[in-house]
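Student: Residue numbers (the numbering used here): 247 to 364.
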Amino acid sequence: MADLKAAIRNVVVQGAVAAANNENIAIADSAVGPVADIITTRVKPLIEHATNTEPWYRSRVTVGAIVSMGTGLLSALGVATDWVDPDTAVVVIMAAGSLVGGIFTLYGRWAARKPMGT
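#1: Using only the alpha-carbon positions, how far apart do Asp275 and Val263 sit?
#2: Are the CB atoms of Val336 and Arg306 within a distance shorter than 8 Å?
#3: So the alpha helix (DSSP H) Thr191 belongs to, where does it begin and stop?
#4: I'd like the span of the alpha helix (DSSP H) that includes Tyr303, first residue to last.
#5: Should the stretch 315-331 be called in touch with the stretch 268-286, which here means at least 3 C-beta pairs below 8 Å?
#6: Name the two residues that bound the continuous alpha helix (DSSP H) containing Ser344.
#7: Run the CB neighbour count on Thr286, radius 10 Å, all protein chains shown included, and call it buried at 16 or more, exposed below.
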């Protein structure tokens, strides 16, 4: 995934440099890097989704398959699953995953005692 981000950033930088060199577009050469970073951050999830390279836990297909297998297993074990709407379960699990990810991110930041890479 790091290769994908690097490839996206390289193309974005080339576009930003071309824009900075265009006399009809007002962008300073020093702004190319920050502009490229912002565009890369916004474009990367779209490209990951389109190329099917997002992490498994961000894939609705994968989460949907897990929910389907889980409800099938519960049904086979005799547990009633008619109260579970699979589509709603996928949405809830995806939202819960985002919430848990955010919590771990904040915890990791607050628990860190030294900057990364040192």
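Even for Gly, the Cβ is constructed at its ideal location relative to N, Cα and C.
Remember, it's a predicted structure, so these values are computed and weren't measured experimentally.
Tutor: With the given structure in hand:
#1: For the purposes of this step, residue 275 is identified with residue 29 of the sequence shown, where counting begins at 1. For the purposes of this step, residue 263 is identified with residue 17 of the sequence shown, where counting begins at 1. Cα to Cα, the separation comes out at about 7 Å.
#2: Start at 1 with the first residue of the sequence shown, and residue 306 comes out as number 60. Start at 1 with the first residue of the sequence shown, and residue 336 comes out as number 90. Yes; because the gap between Cβ atoms is below 8 Å, this pair is in contact.
#3: What is shown of the chain runs 247 to 364, which leaves residue 191 out entirely.
#4: Here residue 303 refers to the residue found at position 57 of the sequence shown. Looking at the DSSP string, Tyr303 is not in any alpha helix (DSSP H), and its letter there is neither H nor E.
#5: no
#6: The residue you call residue 344 lines up with position 98 of the sequence shown. Unbroken alpha helix (DSSP H) run through Ser344: 332-357.
#7: In the sequence shown, counting from the first residue as 1, residue 286 sits at position 40. So Thr286 counts as buried.
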